[in-house]
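J.: Have a look at this one.
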Amino acid sequence: MVAAGSSVPMRVPGSRWGLLPKAASWLLVAFFAIRYTGGLYAWVTENRLEQPAYTVVRRLGHGVELRRYEAYNVAEATMKASLKEAASGGFRLCAGYLFGKNVPRERAGFLRPPPPEDVPGETMDMTAPVRQALAPSRGARTGKVS
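So for the sequence shown, my numbering puts the first residue at 1; every next one is plus one.
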């Protein structure tokens, strides 16, 4: 709003329109700061996870590598149940093995479960570092991948 005969804008008392762009800017900055901080945290966490040792056999380009992995231990439980029941029950059996509910009562290191596959008869697999000794567990089958 401009006063009659003047080129100077007139401030309307109680108007908050001057604060809106500032608040929107701060909200936008806060949003991107939180978004990128969360992404950075996820990236750092992912890169700290333990991974099986491997050698690169050949690089195919575009970031694709053929790898030869050293042997590592696997604990798996096969459940004759629906996917939901099998995932829950199989996870509990494998987690029990990894957290020391096995015969020698030794806690196994934990990597992460592999991505799920759509196959009939559900199997829950988990891997552990190769330095862990295999020991039988109730309902879970263990083996070494070579």
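Note that beta-carbon positions come from the ideal geometry of N, C-alpha and C, so glycine has one too.
Just so we're clear, the structure is a prediction, and the values are computed from it rather than from any experiment.
Using only the alpha-carbon positions, how far apart do Ala75 and Arg58 sit?
T.: One C-alpha to the other measures close to 29 Å.
J.: Provide the residue span of the alpha helix (DSSP H) that contains Glu85, from first to last.
T.: Run containing Glu85: Leu83 to Leu98, per the alpha helix (DSSP H) assignment.
J.: Near Arg92, what residues of its chain come up, given a Cβ to Cβ distance below 6 Å and the 5 sequence neighbours on each side ignored?
T.: Within the same chain, Arg92 has no close Cβ partners at all.
J.: Does the beta-carbon of Asn73 have 16 or more other beta-carbons within 10 angstroms, so that it is buried, or is it exposed?
T.: It counts as buried.
J.: Please go through the same chain and pick out, in chain order, the residues whose beta-carbon is closer than 6 Å to the beta-carbon of Glu70, but skip the five residues on each side of it.
T.: Once the five neighbours on either side are set aside, the close Cβ partners of Glu70 are Ala53.
J.: Which value, in whole angstroms, describes the spacing of the CA atoms of Leu65 and Lys84?
T.: The displayed chain sequence assigns Glu, not Leu, to residue 65. In a straight line, the C-alpha of Glu65 is about 34 Å away from that of Lys84.
J.: Taking Ala75 as part of the beta strand (DSSP E), name the residues at either end of that continuous run.
T.: Taken as a continuous stretch (DSSP letters only), the beta strand (DSSP E) holding Ala75 covers Tyr72 to Met79.
J.: When DSSP labels each residue in this structure, what does Glu50 get in the three-state scheme?
T.: In this structure, Glu50 counts as coil in the three-state DSSP scheme.
J.: With 16 as the cutoff for other CB atoms within 10 Å, does Ala23 come out buried or exposed?
T.: Exposed.
J.: Whole angstroms is fine: what's the gap from Phe32's alpha carbon to Val44's?
T.: Distance between the alpha carbons of Phe32 and Val44 is about 18 Å.
J.: Nearest by alpha-carbon distance to Arg68: which of Val56, Gly61, Leu60 and Ala77 is it?
T.: It is Val56 whose Cα lies nearest to the Cα of Arg68.
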